[in-house]
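Enquirer:
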Amino acid sequence: MLTKRFVEKGLEKLSIARKLSIWWADRRAAAWRLRNPGRPFSDYYAHHVERHLARGKPHPTLGSQGFDHELGSQIDWDRANFATRGRNAWREYLAAGVEPGCRIVDYGCGSLRVGQHAIRFADRGNYWGIDVSQSFINDGRKLLDPEQVEDKRPRLSVISDDLIDLIAVWQPDFIFSHTVLQHVPVAELPVYFDRLARMTGPGCKAVVEFIAAPRTRRIKAMSWAYGEGSLRAAAEAVDSDWSIAFEAVADGNSRVMKKPRRVMIMTRAAAANASSIAA
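Numbering of the sequence shown is given in this note's numbering, commencing with residue 98 and proceeding in unit increments.
1. Compare the beta carbon distance of D140 and V266 with 8 Å and say whether it is the shorter of the two.
2. Rounded to whole angstroms, what is the Cα-Cα separation between D236 and S208?
3. Nearest to D259 by alpha carbon, out of Q279, D248, R292, V211?
4. Return the Cβ separation of Y204 and I272 in integer angstroms, given the expectation that the two are a contact with Cβ distance under 8 Å.
5. Quick one: what does DSSP say K356 is sitting in, helix, strand or coil?
6. Do you know how far the Cα of R148 is from the Cα of L263?
7. Helix, strand or coil, according to DSSP, for L241 in the structure here?
8. Going straight from the alpha carbon of G299 to that of R359, what length do you get?
9. Does the segment 274-287 come close enough to the segment 310-328 to have 3 or more Cβ pairs within less than 8 Å?
10. Among the candidates L117, R315, N185, W225, whose CA atom is the shortest distance from the CA of Q268?
11. What residues in its chain sit with their C-beta under 6 Å from that of V246, if we drop five residues either side in the sequence?
12. Which partner residues does R252 have in the DSSP bridge list?
13. State buried or exposed for A186, treating a residue as buried only when at least 16 other CB atoms are found within 10 Å of its CB.
14. Just list the residues that DSSP pairs R315 with in beta bridges.
15. Is A310 near S118, with beta carbons less than 8 Å apart?
16. With the cut-off set at 8 Å, would you say C206 and I234 are in Cβ contact?
17. From which residue to which residue does the alpha helix (DSSP H) around A186 run?
18. If H144 and W129 are in contact, beta carbons under 8 Å, what's the gap, nearest whole angstrom?
19. So T364 and S340 are supposed to be a Cβ contact under 8 Å. How far apart are they, rounded?
20. Return yes when the Cβ of I216 is within less than 8 Å of the Cβ of K249, no when it is not.
21. Determine, using beta carbons only, whether P197 and A219 come nearer to each other than 8 Å.
22. Nearest CA to the CA of H275: which residue from L131, R188, R252, V146?
23. Below 6 Å CB to CB, which residues in the same chain sit around R115 once its five sequence neighbours on both sides are set aside?
24. Any idea what DSSP makes of A376, helix, strand or coil?
25. Pull up the CB-CB distance for R182 and R221, whole angstroms please, since I reckon it's below 8 Å.
26. Among P134, A366, G135, I113, which one has its Cα closest to the Cα of D270?
27. On the three-state DSSP scale, how would you describe D203?
28. Suppose the cutoff is 6 Å on Cβ atoms and the five residues either side in sequence are ignored; what does the same chain contact list for R315 look like?
29. Could you check which residue in V346, V305, A345 has the C-alpha nearest to that of L328?
30. Quick one: Cα of A193 to Cα of A332, how far?
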């Protein structure tokens, strides 16, 4: 039988290992910033993961290789098995009220793990996936059925300020952002929410999934858990003209992701915004 002290010592070791991992990650990030002054953490994150994937190492959500934690083995994704990925997550966004006729933006689409389902679901030309890495997008596109791509004509683009402005003109109806906010450090929340606010026009709904915690804390080298209060404050500091609510993630999806998760839902009142624009 495990003693209480044995468990406590094990947790202490995990905590020390986590702190060392964070310390080492910060050193590497600082060295990268010296070579790339002025570039944000999102660029460093993309650079780090791209190198990881280029070495043939699996990643839980990105690239063409994954890892099955139950079997303890690496998985090479192909079109057949990749098509089953992200289904539980997509059901969450379906439940939020998205319809095929909606113009959908996948904010941080990565390798289209969830985006592939949005592409199948949406009417032709109604899906726009955006990410900080062209490499991530390319990996996902290779795993899509070419006939589906031809039929649905998804838009896939690398994030830039000009792109955000273009999407605002496109006037999306629904935006979702899955397993993205956890990789946004506190200092860059204003940029994340500013881009989201600019894309979220009158009548649009934005749904953001995040790792939940009573208060903001760094949980891994490149991952943060957020409290609802801190997220609300960060979003309202950028734009106070949207309604914000929080809801639980379905148990099934939360178990798959192995961490407590919630969704942040932001909406705009179409009539009020329309009148203010006209004025």
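Here a beta-carbon is modelled for each residue, glycine too, at the ideal position from N, C-alpha and C.
Expert: The structure says:
1. no
2. 6 Å
3. R292
4. 6 Å
5. coil
6. 30 Å
7. coil
8. According to the sequence as given, residue 299 is Pro; it is not Gly. Their Cα atoms are separated by approximately 24 Å.
9. yes
10. W225
11. none
12. W225
13. buried
14. W321
15. no
16. yes
17. 184-192
18. 7 Å
19. 5 Å
20. yes
21. yes
22. R188
23. none
24. For A376, the predicted model reports a pLDDT of 27, less than 50, meaning its position is unreliable and no value from the coordinates is stated.
25. Contact doesn't hold; Cβ gap of about 23 Å is too wide.
26. A366
27. strand
28. W321
29. V305
30. 20 Å
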